[in-house]
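Colleague: Protein chains in written order, with numbering that gives the first Met the number 0: chain A, 0 to 120; chain B, 0 to 129. C-beta atoms are modelled at their ideal positions from N, C-alpha and C, and glycine is treated no differently.
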Amino acid sequence: MSTNKRFLIISRRPPYGSSHARDALDTALTTAVFEQPVSMLFLDDGVYQLLQAQQPAGIQQKNLGATLSALPMYDIDQLYVCDSALRSRGLGPDDCLLPVQLLDSNAIAQLIRNHDVVLSF
Amino acid sequence: MIFSLLVYAAPHSHQGAETAYRFAVACLAQGHSIHRVFFYGDGVHGATALAAPPQDEPNLPARWQALAQTHKLDLVVCIAAAVRRGLLDANEARRYEKPGHNLQQDFELSGLGQLAEAAIVSDRLITFGA
Numbered sequence: 000m001s002t003n004k005r006f007l008i009i010s011r012r013p014p015y016g017s018s019h020a021r022d023a024l025d026t027a028l029t030t031a032v033f034e035q036p037v038s039m040l041f042l043d044d045g046v047y048q049l050l051q052a053q054q055p056a057g058i059q060q061k062n063l064g065a066t067l068s069a070l071p072m073y074d075i076d077q078l079y080v081c082d083s084a085l086r087s088r089g090l091g092p093d094d095c096l097l098p099v100q101l102l103d104s105n106a107i108a109q110l111i112r113n114h115d116v117v118l119s120f
Numbered sequence: 000m001i002f003s004l005l006v007y008a009a010p011h012s013h014q015g016a017e018t019a020y021r022f023a024v025a026c027l028a029q030g031h032s033i034h035r036v037f038f039y040g041d042g043v044h045g046a047t048a049l050a051a052p053p054q055d056e057p058n059l060p061a062r063w064q065a066l067a068q069t070h071k072l073d074l075v076v077c078i079a080a081a082v083r084r085g086l087l088d089a090n091e092a093r094r095y096e097k098p099g100h101n102l103q104q105d106f107e108l109s110g111l112g113q114l115a116e117a118a119i120v121s122d123r124l125i126t127f128g129a
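1. If you draw a straight line from the C-alpha of residue 92 of chain B to the C-alpha of residue 100 of chain B, how long is it?
2. Can you find a C-beta in chain B that's less than 7 angstroms from the C-beta of residue 160 of chain A?
3. Hey, which unbroken runs of the alpha helix (DSSP H) at 4 residues or more fall wholly within the region 71-100 of chain B?
4. Which of the residues in the region 54-75 of chain A, read from start to end, lie with their CB under 7 angstroms from any CB of chain B?
5. Under 7 angstroms Cβ-Cβ, which residues of chain B neighbour residue 22 of chain A?
6. My assumption, with CB atoms under 8 angstroms, is that residue 80 of chain B sits in contact with residue 40 of chain B. Please give the rounded CB distance.
7. Run through the region 2-59 of chain B for me and flag every whole alpha helix (DSSP H) of 4 or more residues, listed as ranges in chain order.
8. Of the choices A/99, A/60, A/71 and A/58, whose alpha-carbon is the least far from that of residue 81 of chain A?
9. Please go through the region 30-89 of chain A and give each complete alpha helix (DSSP H) segment of 4 or more residues, from N-terminal end onward.
10. Show which residues of chain B have a CB atom less than 9 angstroms away from the CB atom of residue 41 of chain A.
11. With DSSP as the reference, please indicate the residues paired to residue 100 of chain A in a beta bridge.
12. For a contact defined as C-beta to C-beta under 7 angstroms, what are the partners of residue 18 of chain A on chain B?
13. Anything in chain B within Cβ reach of residue 25 of chain A, meaning under 7 angstroms, just list it in chain order.
14. Look at the alpha carbon of residue 79 of chain A and the alpha carbon of residue 2 of chain B, and state the distance between them as a whole number of angstroms.
15. Any C-beta of chain B within less than 7 angstroms: which residues of the region 102-116 of chain A qualify?
16. List the endpoints of the continuous alpha helix (DSSP H) containing residue 114 of chain B.
17. Taking beta-carbon pairs under 8 angstroms, can you tell me which members of the region 20-39 of chain B lie near chain A?
18. Could you work out which residue in B/52, B/77, B/126 and B/98 is closest to residue 117 of chain A when comparing CA atoms only?
19. Step through the CB atoms of chain A and report whether any lies within less than 7 angstroms of the CB of residue 4 of chain B.
20. Could you give the distance in angstroms between the alpha-carbon of residue 119 of chain B and the alpha-carbon of residue 2 of chain A?
21. Just to confirm, is the Cβ distance from residue 73 of chain B to residue 35 of chain B under 7 angstroms?
22. Going by other Cβ atoms of all chains shown within 10 Å of its Cβ, with 16 needed for buried, is residue 69 of chain B buried or exposed?
23. Return yes when the Cβ of residue 51 of chain A is within less than 7 angstroms of the Cβ of residue 90 of chain A, no when it is not.
24. So that I know if they touch, is there some Cβ in chain A lying closer than 7 angstroms to that of residue 9 of chain B?
Below, the structure written as structure tokens:
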């Protein structure tokens with residue numbers, strides 16, 4: 000299993016309310032442990048995952064932001080965000096808990112083309 | 000071509016669970032091979048031995064099992080997603096001191112690494128229901 004494939008994990012759901020965001024993150028971390036290059040792309044309500052100061056304890060959920068903060072330790076530092084998804088929700092890169100690269104829809108299409116495996120949650 | 004399938008959809012709640020099965024059948028009929036079918040999220044319910052749908056509706060766990068026996072399919076269920084939803088094999092039932100186990104025969108509980116490995120060695124990884 001020496002072949003390297005470029006993985007893109009697309010996360011489109013909000014951090015709480017369904018298991019999608021957590022599962023996307025777990026998939027990214029596991030794939031990185033397999034020493035594959037992993038990028039993440041946040042689309043739609045998925046951008047809410049990046050908000051600082053999440054307080055999910057009130058709904059008995061673990062803090063997803065804390066796990067997201069660990070991504071760079073797994074060498075997952077290519078984090079992409081749909082610019083219009085962020086801005087249409089009244090957010091900007093300064094609201095994000097990690098450094099992210101903003102992409103428009105053309106750049107997103109290019110990003111997807113540049114990866115071998117695309118997993119969408 | 001070598002395919003792997005990621006099944007995220009729960010049977011009866013989402014058509015994706017059924018579509019994944021039909022896709023697998025079509026793949027094999029056309030001479031492709033399936034390296035692994037990985038059940039994740041609510042998709043793990045597709046591996047329960049206790050599903051009892053009406054007789055005129057498909058029993059997906061039984062269908063997967065039959066397909067696996069014919070084509071030697073590797074049906075892997077994410078262990079973390081499974082045990083928190085109450086889908087256990089005999090080992091996990093013992094470990095968590097539960098009164099029974101319900102993993103359909105020919106399915107196997109294992110880690111997310113099996114999904115990563117499947118993506119690496121397959122030509123195509125197709126997701127159903129995420």
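Modeller: On the basis of the coordinates in this document:
1. 6 angstroms
2. Lying before the first or after the last residue shown, residue 160 of chain A is absent from chain A, which here runs from 0 to 120.
3. 78-83 and 89-94
4. none
5. 39 and 40
6. A Cβ-Cβ separation of about 6 angstroms places residue 80 of chain B in contact with residue 40 of chain B under the 8 angstroms criterion.
7. Whole alpha helix (DSSP H) segments, 4+ residues: 14-28.
8. With respect to the C-alpha of residue 81 of chain A, the residue from A/99, A/60, A/71 and A/58 having the closest C-alpha is A/99.
9. 63-67 and 82-86
10. Within chain B, no residue comes near residue 41 of chain A; the closest Cβ sits about 15 angstroms away, beyond 9 angstroms.
11. A/79
12. 40
13. One finds 111 in chain B with Cβ atoms closer than 7 angstroms to the Cβ of residue 25 of chain A, taken in chain order.
14. 28 angstroms
15. 116
16. 112-120
17. 39
18. Nearest option by C-alpha distance: B/126.
19. no
20. 7 angstroms
21. yes
22. exposed
23. no
24. no
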